[in-house]
Amino acid sequence: MITYQNNKLWQRPWFLVVVGCTAIAAATGWWMTHRTPNTQPASASAPSSGGWFSSNVGQHDASPAPAIAPTTPLLAEGRPTSIPEADWNALKGALGKLVPNPEAEAARVVDYLQYQKRFEYWQSTEGNKSPKERAALAKALLEEVPARLAKGEFTAAEAVLMNTVLISESEPNETIRQQRIAAMQEQLMKAAPPQDDAKKAQDEERAVEQKRLIATTFAEWRTRPDATRTQESLEAALLAAQRTFNAGGTP
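Under this note's numbering, think of the first position of the sequence shown as 11, with each following residue one higher.
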């Protein structure tokens, strides 16, 4: 995971210069650290103490999270087409014992993992797609960053890094690129929680990790054989991951 020793690192003038040389490698490393098995979808999380998060943990108080159009088509009952009915029901059932609105959280989990898959696909196109095609993919990913920050799926530092990576890859004009990076950085910092409150920033980072925990646990569960892929086994996996996370470890 990307870590920052100084919470205001990305606010320094030289950050944009330095990050231009390292952002792509750093973002790639972050996604590889958090990447999930090659299954269809989901997202993660766990609080600094006690049980699972409430439905609004990690969503910033400054403004409501902008709506994000699902990246996967939904069936009439709300199930993403990429998820088998049995897996969808198991996810909702397991989350029903952990969060107030399990169907909404299940949809968020699936959508977040789809976003991650699209980022990984964009990475894989280097060298085999035209710059125009890669720029279009990067633009689509970039458009979702502010909303995902507001929903608590990125920390402020990660959102700024993603912004820099995606604009750097999609805007060939250096002057325009730096202007766009600076403008988006300002927008992202307005959407983020106050970064001068170290405790709140730490809590927000913890909440982001908590959201990811559910996703990675679900995605790993989906790699199991059908016979052992039950709601009960998913519940057990989520609770085990929670205990490890709350103890300060990495599930």
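Backbone N, C-alpha and C define an ideal beta-carbon position, used for all residues, glycine too.
In the structure shown, the three-state DSSP call for Pro90 is strand. Gly137 carries a coil assignment under DSSP once its states are collapsed to helix, strand and coil. The C-alpha of Arg190 is placed about 43 Å away from the C-alpha of Ala250.
Scanning Glu245, Glu230, Ala257 for the CA closest to the CA of Pro112 turns up Glu245. Nearest C-alpha to Glu115 among Thr254, Arg128, Asn99: Asn99. For Arg232, no alpha helix (DSSP H) run applies, since DSSP gives it neither H nor E. One thing to note: Tyr122 has its Cβ within 8 Å of the Cβ of Ala225. Between the alpha carbons of Lys200 and Glu163 lies a gap of roughly 16 Å.
DSSP places Leu198 inside the alpha helix (DSSP H), whose first and last residues are 184-201.
Taking the CA atoms as reference points, Ile186 sits about 15 Å from Glu196. If you check the CB distance, Leu176 and Leu152 come in under 8 Å. Thr165 places its beta carbon less than 8 Å from that of Val218. The beta carbons of Glu179 and Ala148 sit closer together than 8 Å.
Residue nearest to Glu168 within the set Thr227, Leu198, Ala146, Gln241 is Leu198 (criterion: CA-CA distance).
Residue nearest to Gln252 within the set Val120, Arg216, Pro90, Gln188 is Arg216 (criterion: CA-CA distance).
If you check the CB distance, Arg144 and Thr135 come in under 8 Å.
Cα atoms of Ala150 and Ala160: separation of roughly 17 Å, rounded to the nearest angstrom.
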